[in-house]
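J.: If you count by the numbering used here, then the sequence shown holds residues 106 to 194, one letter each, in order.
I am attaching a structure below and will ask some questions about it afterwards.
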Amino acid sequence: MSIKKMLNNLIVTLIMVYSFSFAQSRAFVTFDYMNVKPANVSEYLNLEGEVWKPVHKEFQNRGMEVSWSLYMVRGAGTQNHYNYVTVSV
Numbered sequence: 106m107s108i109k110k111m112l113n114n115l116i117v118t119l120i121m122v123y124s125f126s127f128a129q130s131r132a133f134v135t136f137d138y139m140n141v142k143p144a145n146v147s148e149y150l151n152l153e154g155e156v157w158k159p160v161h162k163e164f165q166n167r168g169m170e171v172s173w174s175l176y177m178v179r180g181a182g183t184q185n186h187y188n189y190v191t192v193s194v
C-alpha cells in the first residue's frame, strides 16, 4: 500500500470518527499541505511547534477547535508535491 493511500485512509478514518463524535454540531476538517525543502526542515518544525502548536492549543481551550495534528509524509519520493500535512478539526 502506498504512503499516499495510507494517508488518505487515515484522513477518512479521522473524518468519520469526528463526524460521529460531533453529529449534533458542524465540524470542519482542514488539511494544509506543505512542501518543505530538506534544508528548511528544522526551521519549519520549530515554526510549527513553537508558534502554531500553542495557537491551536488556545483554539482548543476556547472551544474553537477540537484537534490539530502535524504529519510528516514519509517515502513520498519525487511524485508528491508535499512532505508535511497539518490537520485541524
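Beta carbons are placed, not taken as given, at the ideal position from N, Cα and C, and that holds for glycine.
Since the model is a prediction, treat every value here as computed from it, not as a measurement.
If we ignore side chains and look at the alpha-carbon of each, how far apart do V141 and G168 end up?
T.: In a straight line, the C-alpha of V141 is about 30 Å away from that of G168.
J.: Please go through the same chain and pick out, in chain order, the residues whose beta-carbon is closer than 6 Å to the beta-carbon of V171, but skip the five residues on each side of it.
T.: V194
J.: Quick check: the Cα distance between Y189 and E163, rounded to an integer number of angstroms?
T.: Answer to the nearest angstrom: the Cα atoms are 22 Å apart.
J.: Return helix, strand or coil for S174, following the three-state DSSP convention.
T.: strand
J.: With V192 and V134 assumed to form a contact (beta carbons below 8 Å), what rounded beta-carbon distance in angstroms separates them?
T.: 7 Å
J.: Does DSSP classify V156 as helix, strand or coil?
T.: helix
J.: If you draw a straight line from the C-alpha of V160 to the C-alpha of Y149, how long is it?
T.: 16 Å
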